[in-house]
Amino acid sequence: MKRIAFILLLLLILSSIPVSDSDDGAKRVYVAHIDGMIAGGTENQFEKAIDIAERGGGAALVIMLDTPGGLSDAMKEIIKDIEGAKVPVIIYVAPEGAYAFSAGAFILLSSHLAAMAPSTAVGACQPRIINPVTGTAQEAPQKEINAYASYIGSIAARHGRNGTAARLFVTDNLAFGPEQALENGSIEIIAGSLEELVEKADGIKVRGALNGDENA
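Per this note's numbering, the very first residue in the sequence shown carries number 436; after that it's consecutive.
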């Protein structure tokens, strides 16, 4: 097992804290916590985390994600950031009790490696339209539902995941716990801690990794 040092990115103050010494040849995995609604500020956090991990020569970037969803425009920009990253981006739905609903599921499925902690959930992606006057949400028209179903299905397929299940996240508001997600090919790893996640991720083939190297 490779020795790996974790570096926690405190994105709110734009600094990093070394959790263990990496001067002895250990690889470094960068970790960022992102929770709450997905909005423009969230995309800025993703962009900053990816930039720091790339400039630091990280072996990977782990995003610990807990979100009920959010804005589609921000979600699409985040997906572009992930898919354009020069370092493998691991989305980890954590800690226990966290979830990646709606936009969060799209983000999870766009990652180079998808992981969930026990007692978490993913899915429930049917789009809603917010009335700009009242602020209330209402069901999106069928053509928009179909469009997002096709979009998430293509994202899943591009990363070797179950496109059929992904489309059902949108059309039927399907949601999975970690065991179901793993069995149905929506994620690759269930891990109860960052250490377990990195141990299980070591050597897994992923798509779009650093410099074309597909080993996380």
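Idealized CB from N, CA, C, for every residue including glycine.
Whole-angstrom distance between threonine 599 and glutamate 618, CA atom to CA atom: 13 Å
Rounding to the nearest angstrom, what Cα-Cα distance links isoleucine 587 and alanine 474 in this structure? 19 Å
Do threonine 502 and phenylalanine 541 have their CB atoms nearer than 8 Å? no
Three or more C-beta pairs below 8 Å linking the segment 558-567 and the segment 605-613: yes
Spell out a yes or no on whether the segment 578-593 and the segment 521-531 are touching, meaning 3 or more CB-CB pairs, one atom from each, closer than 8 Å. no
Measuring alpha carbon to alpha carbon, tell me which residue in Val524, Met499 and Gln480 is nearest alanine 533. Met499
Sequence-distant residues of its chain with Cβ nearer than 8 Å to aspartate 516 (five each side left out): Glu478, Phe481, Glu482 and Ile485
For the beta strand (DSSP E) containing isoleucine 526, name the first residue and the last one. 524-528
In the DSSP assignment, what residue or residues form a beta bridge with glycine 500? The sequence shown places leucine at residue 500, not glycine. DSSP, once it has assigned bridges, lists Ile469 and Val528 as partnering leucine 500.
Unbroken beta strand (DSSP E) run spanning valine 557, endpoints: 556-558
For alanine 540, which of helix, strand or coil comes out of DSSP? helix
Flag this pair as yes or no: are the beta carbons of tyrosine 402 and leucine 506 separated by less than 8 Å? The question about residue 402 has no answer here: the residues shown for the chain are numbered 436 through 651.
Which term fits glycine 638, buried or exposed, when burial requires 16 or more other beta carbons within 10 angstroms of its beta carbon? exposed
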